[in-house]
Structures are given as structure tokens and as C-alpha cells.
Amino acid sequence: MSSVSPAPRTVLVTGATSGIGWETARLLAVRGCTVIVHAPDVMPGRDALDRLVAAGVDASRLCLAVADFSRLDEVRSMAARVADGHPTLDVLVNNAALVAPEHRTMTADGNELSLQVNFLAAYLLTHELSGPLSARPGSRVVNVSSAMHRTASISWDDPHRAKRYSRLAAYAQSRLALTISAREKTPWTSVSVHPGICDTALLPLYAHEGDPAADGAQRVVRLCDPATEVVPGAYYDRTALSPAAPVAMEERTVRRLRKLADQLLAKAA
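Residues in the sequence shown are numbered from 2 upward in steps of one, following the numbering used here.
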């Protein structure tokens, strides 16, 4: 009696050209997953794939997906291409993030840059990929957040912080929003994780030195593994289940954020 091997799991990792995202893609591919590597542009994307292959990853396990998250139309287009090429998606790792600029910067869609790239794009991508994420039981969304979400508040009446802008406040708000969004009720399981302070492009916001990016990636990959039991909507501090900021635990806040995100996306559509 012959046994049928299970199909390889398919994972999309955003912000996968460097740092924790690149290391996450590498570790998942080495474990046998088909990994969709997201890049903001074609050239850094191809470079990331070349470095993954040079690091020992089987090229047949890698696909490239390109979208500039400061342009929501590109997020929608990428989601459509991913869904067309991969009707089943087992894991989405929302890792892409940037440091909020020193001066308030607005995208062409009319959103503060870090709010859009660090939260709105991930929210939109997740919902646009609801078909592939619902195709097989046990799928997961892992939001790579930050302990800095604890210092944040959502500026409900001024989410783009036109009245009072601070790069740290804008960045922390985007991380809080991403953490809250993991608590949405969906057919898949969502969690958020602070991967630790790591030596990546975001390090200057936190400290002078940090763990290797590969260490942070290990903590992300652990939550992608179906063998790791997770609590839906939970927040993990590295490997430990940890209470998120109190505001993130309120159902009313989850509903309020969803309404705000939908309004901002509708304006940009």
C-alpha cells in the first residue's frame, strides 16, 4: 500500500529581502516549504533569491512577489497574482516594516507612510488573500510586531498625525494596529510576535546592538510550524505567550480599528 506524501506547505513572507524576513524565508525553505519572497521591487527581489540559493536553498522552492507597500494598488495586484499562482496559502508572515521618517510623509494613497507600510498594507494583503488562506484547514497569519506597541495609542481622530507628529509615536501606532488586527475573527489563526531586538534596519529605534536576525527569524518560524500550538489572536514575546497592551485586548478596539482601516482603504481605492 503506497502512502501519498503531503503537499509542501506554501508560505508568503513580506519584507523578505533582508533581516528577519530574509532569514525567515531561508529557514522555511530549508524546512521544505514553498516560499513566496516578497520584495518592494524586482531587483532587490532577485538579489534576495540569489542570496537564498547561495545559502543552500533549493531554487525550486522559491517564488518572487513584488509590490511597493507605499502603493496600495500594488498590494492588491500582488495579492491577485499570488492567489492565481497559489490557490492554497498555509502561512502569511506580515513582516514588512519601515522606520517612520523624521518628518511626516504621506503616501499617494493619502496615508501616513509608516501607518500604511507597517499596518494598512498587511491588513489589505491579508484580506485580499482570504481565499487561499481559507483553502486548507490550519492556515496561519503571523504578524511580526514589536514590544513598542505597548507604548502606543491609536490616534483615532488623527491617524496620520497631522496635528502632532513624532516618528516614534507614528511607528509605535503602526505596531499597535498590527497587533490588534491579529485579534480579528477569521477562518485562519492569527497571532502577533515581538521577535526580540535584532540587528536589522529597525535596530536604531530600539538599541545600539541586538540579536542576530536569524534568532528573531527562528521565533517567527516557530509560530509558522503546525506542530507549535498557538492561541488564536495571541501576542508572543519571542517564544513566550505574553499579554498584549490592554487596549489591544478589547473587542471594541478590534472593531474600531477594522472600521478605521476599511475607511482608509476605501478612500484609497
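C-beta atoms are modelled at their ideal positions from N, C-alpha and C, and glycine is treated no differently.
Everything numeric in this text was worked out from a predicted model, so none of it was measured.
- Counting other Cβ atoms within 10 Å of its Cβ, GLU185 reaches 16 or more and is therefore classed as buried.
- As a beta-bridge residue in DSSP terms, ALA40 pairs with VAL67.
- The beta carbon of MET250 lies closer than 6 angstroms to none in the same chain, with the five residues before and after it left out.
- Around the Cβ of GLU230, a 10 Å sphere holds fewer than 16 other Cβ atoms; the residue is exposed.
- Shown here for GLY217: same chain residues with a beta carbon closer than 6 angstroms to its own, the five before and five after excluded, namely ILE21, PRO196, GLY197, CYS199 in chain order.
- A straight line joining the alpha-carbon of ARG168 with that of ALA8 spans about 44 angstroms.
- With distances taken between CA atoms, ASN96 lies nearest to VAL222 out of VAL222, ASP48, ASP212.
- Residue nearest to VAL36 within the set ALA80, GLU129, PRO227, HIS87 is HIS87 (criterion: CA-CA distance).
- Between THR127 and THR11 a beta carbon distance of about 15 angstroms is seen, past the 8 angstroms cut, so the two are scored as non-contacting.
- Excluding the 5 residues flanking it on each side, CYS64 has same chain C-beta neighbours closer than 6 angstroms at ILE37, in chain order.
- A straight-line Cα-Cα distance of about 20 angstroms links PRO41 and ALA270.
- The residue from THR180, ALA136, LYS164, ARG27 with its alpha-carbon nearest to that of THR152 is THR180.
- Counting other Cβ atoms within 10 Å of its Cβ, ARG253 stays below 16 and is therefore classed as exposed.
- Sixteen is the threshold: when 16 or more other Cβ atoms of the shown chains lie within 10 Å of the Cβ of GLY16, as they do, the residue is buried.
- A residue is called buried once 16 or more other Cβ atoms fall within 10 Å of its Cβ, and MET149 is buried on that count.
- By the Cβ rule, the stretch 64–74 counts as touching the stretch 102–114, because three or more pairs are nearer than 8 angstroms.
- Spatial neighbours of ALA80 in its own chain (CB-CB distance under 7 angstroms, excluding positions within 5 residues in sequence) are listed in chain order as LEU126, GLU129, LEU130.
- When DSSP states are grouped into helix, strand and coil, SER135 belongs to the helix group.
- Assigned with DSSP and collapsed to three states, LEU13 falls in strand.
- When DSSP states are grouped into helix, strand and coil, ASP74 belongs to the helix group.
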